[in-house]
Ligand code: RNT
Ligand code: ZN
């Protein structure tokens, strides 16, 4: 690699001295990308747009729609799903776990907000924020989850309003001493069950209060309830969950309710109460939304194929874009075949307005803000790629029985000048192209995250 001087224009914000290989790389890339890619975009975008136009694809319209589509960014990437609560008793870690120990984990609401503002400047397009109930800010007071009120989320709501971000919400039915034998809404113990029902009702009211200020958002219910081995009673927990959910959703509120299934969890390998079939049927019969998490199925089972099936019966569909590596590992989303297939199916479905986009990953082994930037950019990029598909041609080929032409068209997608259209999208959104955003991550890590260790 050529070692460049520190650039004069769009100067690197990385440290002025060169101490490590990392910094050399950061400065080189920063200089090359920030100074040169902008010019490159301006030169070649019209050619790229024409290439897509030849295939009947409007690149400008694709960029517009990709940028306008709201993407809901999960708060829990900032702090390894720890939350901000004050507990009287010890917390049961049950339910969810992040791995890794990279420096600079956010330790309070202000740090999460500052971190997200840094990430948001590097992510193109319309954003929402996605909050879990465990991120209540109660000024040190112990407020249990069944007693949460909108006021405990006032800093979040004000902050989103200020940034013009919508706000989504989730009851937190895990990591709490009142889980009993790994069960929440489906517990046999009436008091336990009632506690979690009350928590979910409180959460819906908070989501409703958010809607009054910021417009409607989702309230997504996921519970970890399940059993480790040779489950004897599969019926009982599901009967109780059904009844509990009906009680939770009884109140008519300005909330987009969704339910999220899962195949298994750690300690719940044999049986998960809220399985896919359970929630698909629940959403279809109750008229609520359904959440598909990309990591919640058998490893070879892909959610891309489920969209056109479920959407015949259910709306909206909330997508938790995630990346499982061998299991539901919640790795940072990438521009890979799985994500592209999900986006492609969502675009092809012609029901784009019934599909809501969110992310769900937590990686504590890399810079957490970079994880956000990587994951959210990957979703937006995959969406753009899907919107640029010469789909009409493929449909014609399919119905004409020319299967080989359909294959050839799909191959062609990888040969088109997609990168140039993506760069144009980034330019229009005022965010760095390529990997130039690494420079800002580096600066923030040096100036802010490193201080958190003190
Ligand atoms: C867990 C689910 C759920 C959570 C969040 C924190 O497997 O995916 O969506 O990740 O609610
Ligand atoms: Zn999820």
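Numbering (the numbering used here), first residue to last: 378 to 831.
C-beta atoms are modelled at their ideal positions from N, C-alpha and C, and glycine is treated no differently.
May I ask whether a heavy atom of the ligand ZN can be found less than 6 Å away from the beta carbon of residue 576? Checking the Cβ of residue 576 against the ligand ZN gives no.
Which one or two residues does DSSP pair with residue 648 in a beta bridge? The partner list for residue 648 (beta bridge, DSSP) reads 604.
Where residue 739 sits in the DSSP three-state scheme: In the structure shown, residue 739 falls within a coil segment according to DSSP collapsed to helix, strand and coil.
Measuring straight from C-alpha to C-alpha, what distance separates residue 776 and residue 759? Straight-line measurement puts the Cα of residue 759 at about 26 Å from the Cα of residue 776.
Could you tell me the boundaries of the beta strand (DSSP E) in which residue 449 lies? Per DSSP, residue 449 is one residue of the beta strand (DSSP E) stretching across 448-451.
Hey, how far is the Cα of residue 470 from the Cα of residue 787? The predicted position of residue 470 is uncertain, since its pLDDT is 49 and thus under 50; a value taken from the coordinates is nonetheless stated next. If you draw a straight line from the Cα of residue 470 to the Cα of residue 787, it is about 45 Å long.
Short of 7 Å in beta carbon distance, which residues of its chain neighbour residue 688, apart from the five on each side in sequence? Order them along the chain. Hits under 7 Å: 694, 726, 728, 731.
Taking the beta strand (DSSP E) that residue 753 falls in, what are its first and last residues? Per DSSP, residue 753 belongs to no beta strand (DSSP E); it is in the alpha helix (DSSP H), 745-764.
Got a sec? Which residues, its chain only, sit under 6 Å from residue 440 by beta carbon, not counting five neighbours each side? 802.
Between the beta-carbon of residue 585 and the beta-carbon of residue 631, is there less than 7 Å? In terms of Cβ geometry, residue 585 and residue 631 form a close pair [threshold 7 Å].
Contact test: residue 697 Cβ vs the ligand ZN heavy atom, cutoff 6 Å: Taking 6 Å as the cut-off, one finds at least one heavy atom of the ligand ZN near enough to the beta carbon of residue 697.
Assuming residue 577 contacts residue 625 under a Cβ cut-off of 8 Å, what Cβ separation, rounded to an integer in Å, is found between them? By a beta-carbon distance limit of 8 Å, residue 577 contacts residue 625. Their separation comes to about 4 Å.
Please confirm if the region 638-653 is in contact with the region 601-612, defined as three or more CB-CB distances below 8 Å between the two stretches. At 8 Å Cβ cutoff, the stretches touch.
Rounded to whole angstroms, what is the Cα-Cα separation between residue 830 and residue 480? Rounded to whole angstroms, the separation of the alpha carbons of residue 480 and residue 830 is 7 Å.
If you reduce the DSSP assignment to three classes, tell me which class residue 663 lands in. DSSP, read as helix, strand or coil, puts residue 663 in helix.
Taking 6 Å as the cut-off, is the CB of residue 737 close to at least one heavy atom of the ligand MN? For the ligand MN, the structure offers nothing, since it holds only the ligand RNT and the ligand ZN.
Which partner residues does residue 506 have in the DSSP bridge list? Looking at the DSSP assignment, residue 506 forms a beta bridge with 450, 544.
Can you list, in chain order, the residues of its chain with a C-beta nearer than 7 Å to that of residue 684? Leave out the 5 residues immediately preceding and following it. Closer than 7 Å at Cβ, skipping near neighbours: 694, 722, 723, 726.
State buried or exposed for residue 612, treating a residue as buried only when at least 16 other CB atoms are found within 10 Å of its CB. Classification of residue 612: exposed, given that the 10 Å Cβ count is below 16.
Under three-state DSSP, which class holds residue 483? Here residue 483 sits in coil by DSSP.
Return the chain-ordered list of same chain residues with a C-beta closer than 7 Å to the C-beta of residue 497, the five sequence neighbours on each side being excluded. These residues qualify, in order along the chain: 504.
Nearer than 6 Å: is that true of the beta carbon of residue 670 relative to any heavy atom of the ligand ZN? For the ligand ZN, at least one heavy atom lies less than 6 Å from the Cβ of residue 670.
Among residues of its own chain, excluding the 5 on either side of residue 445, which ones have a beta-carbon nearer than 7 Å to its beta-carbon? Excluding the 5 residues flanking it on each side, residue 445 has same chain C-beta neighbours closer than 7 Å at 503, in chain order.
Hey, is residue 547 close to the ligand RNT, as in C-beta under 6 Å from one of its heavy atoms? Here the distance from the Cβ of residue 547 to the nearest heavy atom of the ligand RNT is below 6 Å.
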